[in-house]
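Order-wise, the sequence lines are chains A and S. At position 12 of the first sequence (counting the first as 1) the number is 1 in this note's numbering, and the numbers step up by one without a gap. At position 39 of the second sequence (counting the first as 1) the number is 269 in this note's numbering, and the numbers step up by one without a gap. By construction, the Cβ of each residue, glycine as well, lies at the ideal position given by its N, Cα and C atoms. Since the model is a prediction, treat every value here as computed from it, not as a measurement. Here is the structure we will look at, set down as structure tokens.
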Amino acid sequence: MENLHLFGVGLGLGLIVIGAGLGIGRLAASAAEGIARQPEASDKITAAVNLPLFLLEGVAILGEVFALLIVLMK
Amino acid sequence: MEQVGPNIIHHVSNSDIAHPIIHLPTIFGINFSVSKHVFMLWMVAVLVATAVIIPVRKFLGSERSVPRGWMNAIEAMVQFIRDVVVKPNVGPKWVMTWTPLILTFFFFILFANGIGLIPVFDILGAFNRFILQIPASNNHNFINMLLHGGTTVTGNFNVTAGLAVITFFSIIIAGAKAHGFIKHWANLVPHGLAWPVYIILIPIEIIGMFVKPFALTMRLAANMTGGHIAILAILSFMAIFAEMFHSTFTGIGLALFSVPMATAISGLEIIVVLVQAYVFTLLSAVFIGMAINVHH
């Protein structure tokens, strides 16, 4: 039972990947759709997608840092 | 197999402060001794100075109006940062005030990230071991001391926290310069709302002020550390599987899988290096712009 925290970390990492993957997938899908409809607006769409993408990535990375902390600090 | 985890952590963390590379005295309770990452910081500073500051000064002092060679690349990057990152966020009035800071961030982070991908010290270590014939147990050899710990300074949370603190204060200075010191703090919350809203809103905005640099710190450091851990973990499969099946050939066979995989992740890391330098500068510019162009 003393290694139960590793189980939780594995589960948590999976959840982080699901969340971040869904978020990035939605962003990329909408951006691709928007560019396909209006190719001349691709610069604006890319600029608008960038910022939320990085904020989302930051949250996912934070989750991974805390997962690593649980492994290291126990 | 038990050594794999500590080995990976050893590779990405700073060297022990008890055995510094260069001994310096303790002033005001702060130990100024040079550890591995501090040494790398100096190296990055020297590299940025020789690769960016000297060519730019030379070009500005010359009669030429068109740059050539390396200066072309620097000009392209400077123009990209000014026109794509800073101008849309900060606005045309304050571009020239904040572009130098953002450019400094960009070049420092780019060089620090990039140098982490090049195994400089590992090559020096191989040279030391096989040509100079110095054993690994010699703890007083300079190159052997350099081999303790990783080489990506931006993978150290203290370094990125230092960079984020600069962003934190430049947000306040940007707001104070654009609207006046008192008005900047009043601008944090929108005007003309019902008073119960402010009870919730003011603490949220104050927390948000500190969360911005914290997120910047974590994003850069964790991205750089994460890539290195992934590469090392995939390479460690060889040791893990060889021990699990009690056969050297399993390890050698697994190398056919792990080495191409690690190469592919190294290729991904090149993109991450560029993107993270861009992200840090972009978010700094966005936060500075938020203090200047208040949308409430």
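8 Å Cβ cutoff met for residue i and residue j
i	j	result
residue 47/A	residue 448/S	yes
residue 6/A	residue 59/A	no
residue 516/S	residue 40/A	yes
residue 396/S	residue 507/S	no
residue 497/S	residue 320/S	no
residue 465/S	residue 494/S	no
residue 53/A	residue 456/S	yes
residue 384/S	residue 450/S	yes
residue 45/A	residue 1/A	no
residue 332/S	residue 514/S	yes
residue 285/S	residue 304/S	yes
residue 521/S	residue 438/S	no
residue 308/S	residue 469/S	no
residue 342/S	residue 264/S	no
residue 446/S	residue 394/S	yes
For residue i, three-class secondary structure by DSSP
i	result
residue 50/A	helix
residue 500/S	helix
residue 441/S	helix
residue 493/S	helix
residue 264/S	strand
residue 382/S	coil
residue 252/S	strand
residue 353/S	helix
residue 348/S	coil
residue 257/S	strand
residue 361/S	coil
residue 27/A	coil
residue 295/S	coil
residue 506/S	helix
residue 413/S	helix
residue 241/S	helix
residue 528/S	A query on residue 528/S cannot be resolved here, the shown segment of chain S reaching from 231 to 526 and no further.
residue -9/A	coil
residue 476/S	coil
residue 485/S	helix
residue 22/A	helix
residue 232/S	coil
residue 404/S	helix
residue 58/A	helix
residue 319/S	helix
residue 422/S	coil
residue 523/S	coil
Cβ neighbour criterion (16 or more within 10 Å) applied to residue i
i	result
residue 523/S	exposed
residue 328/S	buried
residue 421/S	exposed
residue 381/S	buried
residue -10/A	exposed
residue 324/S	buried
residue 443/S	buried
residue -6/A	exposed
residue 260/S	exposed
residue 43/A	buried
residue 18/A	exposed
residue 398/S	buried
residue 291/S	exposed
residue 417/S	buried
residue 346/S	buried
residue 427/S	exposed
residue 361/S	exposed
residue 357/S	exposed
residue -8/A	exposed
residue 295/S	exposed
residue 477/S	exposed
residue 266/S	buried
Taking a Cβ distance cut-off of 8 Å, strictly less, list which residues of the stretch 336 to 356 of chain S are near chain A, in chain order. none
The stretch 431 to 438 of chain S / the stretch 475 to 490 of chain S touching (three or more Cβ pairs under 8 Å): With a cut-off of 8 Å, the stretch 475 to 490 of chain S and the stretch 431 to 438 of chain S do not count as touching, because too few Cβ pairs lie within range.
If the cut-off is 8 Å on Cβ atoms, which residues from the stretch 502 to 514 of chain S count as contacting chain A, listed in chain order? 509, 512, 513
Is the stretch 263 to 280 of chain S touching the stretch 341 to 361 of chain S in the sense that three or more CB pairs, one from each, lie closer than 8 Å? yes
For the pair the stretch 231 to 239 of chain S and the stretch 25 to 36 of chain A, tell me if three or more CB-CB distances fall below 8 Å. no
Whether or not the stretch 403 to 418 of chain S and the stretch 295 to 304 of chain S are in contact is what I'm after, with contact meaning three or more pairs of Cβ atoms, one per stretch, closer than 8 Å; do they touch? no
Counting pairs of beta carbons, one from the stretch 331 to 347 of chain S and one from the stretch 277 to 289 of chain S, are three or more of them closer than 8 Å? yes
Within 9 Å of chain A by C-beta, residues of the stretch 454 to 473 of chain S in sequence order: 455, 456, 459
Could you name the residues of the stretch 293 to 320 of chain S whose beta carbon sits closer than 9 Å to any beta carbon of chain A, in the order they occur along the chain? 314, 318
Chain-ordered residues of the stretch 391 to 409 of chain S with a beta carbon less than 8 Å from chain A: none
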